[in-house]
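*Asks:* Letter by letter, the sequence shown follows residues 0 to 334 of numbering that gives the first Met the number 0.
Beta carbons are placed, not taken as given, at the ideal position from N, Cα and C, and that holds for glycine.
Before I ask anything, here is the structure I am working with.
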Amino acid sequence: MLVGAMHMRAHPSKISRVYTFAAAAKMEGVEFFYFSPGKVDFISRTIEGFSYENGEWIKKTYPFPKVVINMFKPNTDKQNDIYLRLRDEISYLENPIGDKEDIHRIIMEDTCFRGFLPKTKLASNISNVDEFLNKYKKIVLKPMSGCQGIGILFIEKKSKTYIIYENGSKFVVNSLEEPLKNIDLESYLIQQYIFSETSKGLPVDFRLHTQKNGEGKYILTTIYPRIANVKNKVTNYSQGGYTVDIESYLKGEYDEKWNAIFKYMKVFAIQLAEFINDYYGDDLNELGIDIGLDKNNKIYLYEINWRPGVPIIFRGELDHARNIIKYSEYKIKNF
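Written as structure tokens, this is what we have:
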């Protein structure tokens, strides 16, 4: 059974997680190789790639596999052409979902899940932003296609002034015209701010990382909290946030309620992943679901990522890789 992994880098030694895929594949008895788009030959239907043998990467030529772990977003027209052409002939393990606005619309159409959404709308103009602030007093302004917390602003209205928080900095202004003049509000969402905070008042959200297993069923790979290092700042690692073990965190924050809250998150994650997967025709694999938990322990869904990356906590990397390989086997056998 042959599984390929494709990334834009020419050599696998530049990508640490490829080693983990190779190790997981060996554990599962699966032949695994790595390749870059430029090494695909559509005429001979072969690929020049690398396998990991006896501690080194060995170059070999492989036939087209049935499944490819697509690990990157094309950066050039040539890469994109190969990426799309290969997708017509080989099953990719990961497939995209819509942007934040698309996902919000899909979930709003479902009576079971719409109640988990914070109030959200397209920003469009400053009048809409002001209207939301008059209603909710504190809001989040975020790009529809953003990632890693980049471009997010927190805005709070107090009397006739506005307090804007960006990357941990605080600005007090009398009007939104000047601070928002360089932002394309047509590509931003405004969202009700959810007071999901630690007992010390630091913003916290939770990544619920789901994947399909060797039976094609969704499982929970891990849950971990992401905690901002200061108030009014995003929780993402790239913005200075940090994480801890979920069990330790929940026990410290919720005492005897911790296990019930953990189970609540787990059930929510699996059911939501199954719903989104069904909507997209059973064509998805891993989903990173980001939620907040308010003072009443109610879940609020922030966003869903179809390429959430490796869980950056404890044994997450190996578990993640083994699930990837097992689901690849399932796809080869059943598709």
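Could you please give the first and the last residue of the uninterrupted beta strand (DSSP E) stretch that includes Ala223?
*Replies:* Translated into the one-based positions of the sequence shown, residue 223 becomes position 224. The sequence shown places Tyr at residue 223, not Ala. Tyr217 to Ile226 is the extent of the beta strand (DSSP E) around Tyr223.
*Asks:* Over what stretch of residues does the alpha helix (DSSP H) that includes Met264 continue unbroken?
*Replies:* In the sequence shown, the residue the question calls residue 264 occupies position 265. Its alpha helix (DSSP H) spans residues Trp257 to Tyr278.
*Asks:* If I follow the unbroken alpha helix (DSSP H) through Gly128, where does it start and stop?
*Replies:* What you label residue 128 is simply residue 129 of the sequence shown in a count that begins at 1. Going by the sequence as given, residue 128 is Val instead of Gly. Unbroken alpha helix (DSSP H) run through Val128: Ile125 to Tyr135.
*Asks:* Expressed to the nearest angstrom, what Euclidean distance is found between the alpha-carbon atoms of Ile14 and Gly287?
*Replies:* Stepping through the sequence shown from its first residue, residue 14 is reached at position 15. Stepping through the sequence shown from its first residue, residue 287 is reached at position 288. Going from the Cα of Ile14 to the Cα of Gly287 covers about 21 Å.
*Asks:* Could you spell out where the alpha helix (DSSP H) holding Ile81 opens and where it closes?
*Replies:* One-based indexing of the sequence shown puts residue 81 at position 82. Ile81 -> alpha helix (DSSP H) spans Asp76 to Arg86.
*Asks:* Verify whether the separation of the beta carbon atoms of Pro142 and Ile193 is less than 8 Å.
*Replies:* The residue you call residue 142 lines up with position 143 of the sequence shown. The residue you call residue 193 lines up with position 194 of the sequence shown. It is not a contact, given that the beta carbons lie outside the stated cut-off.
*Asks:* Under 6 Å Cβ to Cβ from Tyr236, same chain only, skipping five residues before and after it: list those, please.
*Replies:* Taking the first residue of the sequence shown as position 1, residue 236 is located at position 237. Residue placement at Tyr236 cannot be trusted, given a pLDDT of 46 that sits under 50; the coordinates are not used to answer.
*Asks:* Do Phe20 and Ile323 have their beta-carbon atoms positioned less than 8 Å apart in this structure?
*Replies:* As a working mapping, residue 323 is identified with position 324 in the sequence shown. As a working mapping, residue 20 is identified with position 21 in the sequence shown. Going by C-beta atoms, Ile323 is nearer than 8 Å to Phe20.
*Asks:* Does DSSP put Ser174 in a helix, a strand or coil?
*Replies:* Numbered from its first residue, the sequence shown carries residue 174 at position 175. If DSSP states are grouped into helix, strand and coil, Ser174 belongs with coil.
*Asks:* Using 10 angstroms around the beta-carbon of Gly240, count the other beta-carbons present and answer buried if the total reaches 16, otherwise exposed.
*Replies:* Position 241 of the sequence shown, counted from the start, is the residue given in the question as residue 240. With 16 or more other Cβ atoms within 10 Å, it is buried.
*Asks:* Starting from Gly291 and walking both ways along the beta strand (DSSP E), at which residues does that stretch end?
*Replies:* Within the sequence shown, numbered from 1, the residue matching residue 291 stands at position 292. Per DSSP, Gly291 belongs to the beta strand (DSSP E) from Leu286 to Leu292.
*Asks:* Any idea if Lys156 is buried or exposed, counting beta-carbon neighbours within 10 angstroms, 16 or more meaning buried?
*Replies:* Residue mapping note: residue 156 aligns to position 157 of the sequence shown, counting from 1. Buried, by the Cβ-count rule.
*Asks:* Mapping the DSSP letters down to three states, classify Phe194 as helix, strand or coil.
*Replies:* If you number the sequence shown from 1, residue 194 lands on position 195. Here Phe194 sits in coil by DSSP.
*Asks:* Quick one: what does DSSP say Ile14 is sitting in, helix, strand or coil?
*Replies:* Position 15 of the sequence shown, counting from 1, holds the residue named residue 14. In this structure, Ile14 counts as coil in the three-state DSSP scheme.
*Asks:* Check this for me: beta carbons of Phe267 and Ile222, under 8 Å apart or not?
*Replies:* Within the sequence shown, the letter at position 268 stands for residue 267. Within the sequence shown, the letter at position 223 stands for residue 222. No; because the gap between Cβ atoms is not below 8 Å, this pair is not in contact.
*Asks:* Hey, would you say Gly3 sits closer than 8 Å to Phe41, going by beta carbons?
*Replies:* To locate residue 3, count along the sequence shown from 1; it is residue 4. To locate residue 41, count along the sequence shown from 1; it is residue 42. No, the pair does not count as a contact, with Cβ atoms beyond the cut-off.
*Asks:* In this structure, does DSSP put Asn333 in helix, strand or coil?
*Replies:* Taking the sequence shown and counting its residues from 1, the one referred to as residue 333 is at position 334. Helix, per DSSP.
*Asks:* What are the start and end residues of the beta strand (DSSP E) that includes His6?
*Replies:* For this step, residue 6 is matched to residue 7 along the sequence shown. In this chain, His6 is not harboured by any beta strand (DSSP E), its DSSP state being neither H nor E.
*Asks:* Using the rule of at least 16 other Cβ atoms within 10 Å of the residue's Cβ for burial, across every protein chain shown, is Ala320 buried or exposed?
*Replies:* Within the sequence shown, residue 320 is the residue found at index 321, counting from 1. Per the 10 Å Cβ criterion, buried.
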